[in-house]
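Trainee: With the numbering used here applied, the sequence shown closes on residue 208, and no number is skipped along the way. Where a beta carbon is used, it is the ideal one built from N, C-alpha and C, also for glycine. Just so it is clear, the structure is predicted and the values come from calculations on it, not from any experiment.
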Amino acid sequence: MAAVKQQFSGLFAAMLDPNHSPIHPVHLMSQIAARIDEDTVVVIDGGDTATWATLVLPCYGPGQMLSIAATSYGPLGVGMGYAIAAKLAHPEKKVIMITGDGAFGYGVAEFDTLKRYNLDITTIILNDGLWGMIKRSEAKKASGKSKFVGVDLMPEVHYEKVVESYGGYGEFVTDPAEVGNAIDRALAAGKFSCVNVITDPQFGPPSR
């Protein structure tokens, strides 16, 4: 994986436009990466979101990056379980879960668990309104007359409001200049939190 990350580093640098709106996934990942250190456990869930995160984000040691297996849809939705386990095993570490808007729905009820057990986990959503990995793969096979079914999600849903309803801290981000600030506020909230970032659906990971 280190070799793959090195291979794509130049490409990521070319994609890193901090002013692009809607927010480019690489800009989001770069802002997350800047806030990961030796005391951070990163949990990764989703399809294209998991691919972006696995390729871009740093890992400082064993057990500090828990990712959906091979970024496959097979075990989609494991993120919240991994995040809870990581926080219980290492309560002194900050735990950041990165997920897509589709994968977010698999573990949303577990914010009740975070509330009951007082688990300070920060969730960051790459919200592009798509089952991106599926739609992009189907687009490669589809003719111009083909219609997509079941791959588009509701655009710009305020998932952070769900987290707030459980008693957590939430932010909805559309301004690329505010991504880092929003993540900082969520990490400093002192309770479970969610940063819901609207990203540009036209960009998929280069590996695909």
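If the criterion is Cβ atoms closer than 8 Å, does the pair Pro58 and Ala33 meet it?
Mentor: For the purposes of this step, residue 58 is identified with residue 58 of the sequence shown, where counting begins at 1. For the purposes of this step, residue 33 is identified with residue 33 of the sequence shown, where counting begins at 1. Yes, Cβ-Cβ distance for Pro58 and Ala33 is below 8 Å.
Trainee: State the beta-bridge partners of Glu171 as determined by DSSP.
Mentor: Looking up residue 171 in the sequence shown gives position 171. Val195.
Trainee: Can the beta-carbon of Asp112 be found less than 8 Å from the beta-carbon of Phe192?
Mentor: What you label residue 112 is simply residue 112 of the sequence shown in a count that begins at 1. What you label residue 192 is simply residue 192 of the sequence shown in a count that begins at 1. In this structure, Phe192 does not lie closer than 8 Å to Asp112 by Cβ.
Trainee: Could you have a look at Leu126 and say whether DSSP puts it in helix, strand or coil?
Mentor: What you label residue 126 is simply residue 126 of the sequence shown in a count that begins at 1. Correct three-state label for Leu126: strand.
Trainee: Would you please state the rounded distance, in angstroms, between the beta carbons of Ala103 and Val43? I believe it to be under 8 Å.
Mentor: The sequence position of residue 103 within the sequence shown is 103, counting from 1. The sequence position of residue 43 within the sequence shown is 43, counting from 1. That pair is no contact at about 11 Å.
Trainee: Considering just the uninterrupted stretch of the alpha helix (DSSP H) at Val162, what are its terminal residues?
Mentor: The count along the sequence shown starts at 1 and reaches residue 162 at position 162. Element bounds for Val162: 159-165.
Trainee: Relative to the C-alpha of Thr40, which candidate in Ile124, Gly61, Ser165 has its C-alpha closest?
Mentor: Here residue 40 corresponds to residue number 40 of the sequence shown, with the count starting at 1. It is Gly61 whose Cα lies nearest to the Cα of Thr40.
Trainee: Using only alpha-carbon positions, find the residue among Asp101, Ile36, Gln31, Pro91 that is nearest to Ala50.
Mentor: The residue given as residue 50 occupies position 50 in the sequence shown. The shortest C-alpha separation from Ala50 is found at Asp101.
Trainee: Could you work out which residue in Gly180, Ile125, Leu187 is closest to His158 when comparing CA atoms only?
Mentor: As a first step, residue 158 is located in the sequence shown; it is residue number 158 there, counting from the start. Cα-wise, what sits closest to His158 is Ile125.
Trainee: Taking Ser165 as the reference, which of Leu114, Glu178, Val197 has the closest Cα?
Mentor: Here residue 165 refers to the residue found at position 165 when the sequence shown is read from its first residue. When only C-alpha atoms are compared, the closest one is Leu114.
Trainee: Would you mind working out which of Gly107, Val163, Ile98, Asp128 sits nearest Arg35, comparing C-alpha positions?
Mentor: Numbered from its first residue, the sequence shown carries residue 35 at position 35. Checking every option, the nearest Cα to that of Arg35 belongs to Ile98.
Trainee: State the DSSP-derived secondary structure class of Ile68, mapped to helix, strand or coil.
Mentor: As a working note, residue 68 is residue 68 in the sequence shown. Correct three-state label for Ile68: coil.
Trainee: Just confirm the distance between the C-beta atoms of Pro22 and Ile198, as a whole number of angstroms; I'd bet it's less than 8 Å.
Mentor: Numbered from 1 along the sequence shown, position 22 holds the residue referred to as residue 22. Numbered from 1 along the sequence shown, position 198 holds the residue referred to as residue 198. Correct: roughly 6 Å between the Cβ atoms.
Trainee: Would you give the residue range spanned by the alpha helix (DSSP H) that Lys147 belongs to?
Mentor: Reading the sequence shown from its first residue, position 147 is the one you call residue 147. From DSSP, Lys147 is part of no alpha helix (DSSP H); its letter is neither H nor E.
Trainee: Can you tell me which of Glu38, Ala189, Gly170, Pro176 puts its alpha carbon nearest to the alpha carbon of Gln31?
Mentor: The sequence position of residue 31 within the sequence shown is 31, counting from 1. The residue with the shortest Cα to Cα distance from Gln31 is Pro176.
Trainee: According to DSSP, is Lys94 helix, strand or coil?
Mentor: Your numbering for residue 94 matches position 94 in the sequence shown. In this structure, Lys94 counts as strand in the three-state DSSP scheme.
Trainee: Quick check on the burial criterion: 16 or more other C-beta atoms within 10 angstroms. Buried or exposed for Arg148?
Mentor: Within the sequence shown, residue 148 is the residue found at index 148, counting from 1. As written in the sequence, residue 148 is Phe, which differs from the Arg given in the question. By the neighbour-count rule (16 or more Cβ atoms within 10 Å), Phe148 is not buried but exposed.
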